[in-house]
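Down below is the structure, laid out as structure tokens.
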Amino acid sequence: MQISVIDIGNSKGIRLTKNLLEKYDIKDKVELVLEKGRIILKPVSSPRQGWDKSFQEMAANGDDRLLIDDIFNDENLEEWR
């Protein structure tokens with residue numbers, strides 16, 4: 092696929108089609124990778140974005156309790172000293 096380099100103020104840029112943006116889930120930013128004479132654009136992902144707010148809501152609702160005890164009855168902690 093060939094695309095044109097266009098003037099954007101004092102710089103140059105490229106336009107990506109809506110289809111490309113949707114197909115590769117590109118939102119506001121891309122990561123630019125320079126590799127062996129190539130320029131690679133990669134979508135920036137934030138898989139844990141918003142977790143802090145969700146954790147605060149869970150704590151407020153009392154939903155942040157452990158599902159499995161973090162210490163077992165038959166555990167010998169002395170062997171780790």
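Read in this note's numbering, the sequence shown has 140 at position 49, and its numbers run on one by one without any break.
For every residue, glycine included, the Cβ atom is placed at its ideal position computed from N, Cα and C.
{"Item": "Starting from ASP143, follow the alpha helix (DSSP H) in both directions and report where the run begins and ends.", "Value": "142-152"}
{"Item": "From ASP155 to ILE162, what does the alpha carbon distance come to, in whole angstroms?", "Value": "17 Å"}
{"Item": "Where DSSP assigns a beta bridge to ILE162, which residues make up the other side?", "Value": "In the DSSP output, where bridge partners are listed per residue, ILE162 has none listed."}
{"Item": "Sort out for me which residues DSSP pairs GLY100 with in a bridge.", "Value": "Its beta-bridge partners do not exist; DSSP assigns none."}
{"Item": "Considering only the alpha carbon of each residue, which of ASP160, ALA151, SER137 and THR108 lies closest to GLU122?", "Value": "SER137"}
{"Item": "What does DSSP give as the partner residue(s) for LEU157 in the beta ladder?", "Value": "According to DSSP, which records beta bridges pairwise, LEU157 is partnered with nothing at all."}
{"Item": "Along the chain, where does the beta strand (DSSP E) containing LYS133 start, and where does it finish?", "Value": "129-134"}
{"Item": "Take LYS133 and list the residues in its own chain whose beta-carbon comes closer than 7 Å to its own, dropping the five residues that flank it on each side.", "Value": "VAL121, GLU122 and VAL124"}
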